[in-house]
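Visitor: Pasting a structure here, questions to come.
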Amino acid sequence: MLGTLEVATVVLVGLMVGVEFSVVLVMNRVIDALPEDSAQQAHAHGGRMLGAVMPVWYIGSLVLVAVWAVAGRHDPDPGTSLLVTAAALLVLSVIMSLLLLVPINNRNKTWTPENRPADWREQLDRWARYHYGRLALITAALILLAAARG
């Protein structure tokens, strides 16, 4: 049972990291190549879609890591410290999301070509910079989870 939990956790976090990489490496580049109004509308739509899904994914990943750590706590394997560190990185990514990324996304998802602020691109550039930091955190967490799985 523990083995299944470990694999499920690594796969779930790995998929989350993959989605976030695709946002940086594919989606944002495709969207930014669109004409200005279309780009802004696509960013808003993406913010609504991913803004609804990703919180569940981030929290669900953190819960699975915590369950894995608790379930395997009696195992003399040194992987527990890797799990605790991975969990701490995921907690930090959630805090970072709530404090830095979500406020920008909440504004972005309501914008239209008629009501968007003059600095909408700068705000999305700031979101992207924060996203790189969050992506580094969750990627490190994934690496630690894979190492803990051994």
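With the numbering used here as the guide, the letters of the sequence shown map in order to residues 5 to 154. A virtual CB, placed ideally from N, CA and C, is assigned to each residue, including glycine. A quick note: this is a predicted structure, and the numbers were derived from the prediction, not measured.
1) Buried or exposed for tyrosine 136, going by 16 or more other Cβ atoms inside 10 Å?
2) Assess, as a yes-or-no matter, whether the stretch 51 to 62 is touched by the stretch 112 to 124 under the definition of 3 or more beta carbon pairs within less than 8 Å.
3) Go ahead and label methionine 20 buried or exposed: buried means 16 or more other beta carbons lie within 10 angstroms of its beta carbon, across all protein chains shown.
4) At 4 residues or longer, and completely inside the stretch 43 to 117: list those alpha helix (DSSP H) runs for me, N to C.
5) For my contact list, glutamate 24 and isoleucine 142 are in at a C-beta cut-off of 8 Å; report their separation, rounded to the angstrom.
6) Could you check if glycine 83 is buried or exposed, using at least 16 other CB atoms within 10 Å of its CB as the buried criterion?
7) Going by beta-carbon coordinates alone, are histidine 47 and leucine 128 separated by less than 8 Å?
Guide: With the given structure in hand:
1) Label assigned to tyrosine 136: exposed.
2) The answer is yes - the stretch 51 to 62 touches the stretch 112 to 124, with three or more Cβ pairs under 8 Å.
3) Buried, because 16 or more other Cβ atoms sit within 10 Å of the Cβ of methionine 20.
4) Segments of the alpha helix (DSSP H) lying fully in the stretch 43 to 117: 83 to 100, 106 to 112.
5) Taking 8 Å as the upper bound for CB-CB distance, glutamate 24 and isoleucine 142 are in contact here, some 6 Å apart.
6) With 16 or more Cβ atoms within 10 Å of its Cβ, glycine 83 is classed as buried.
7) Their beta carbons are under 8 Å apart, which means histidine 47 touches leucine 128 by this criterion.
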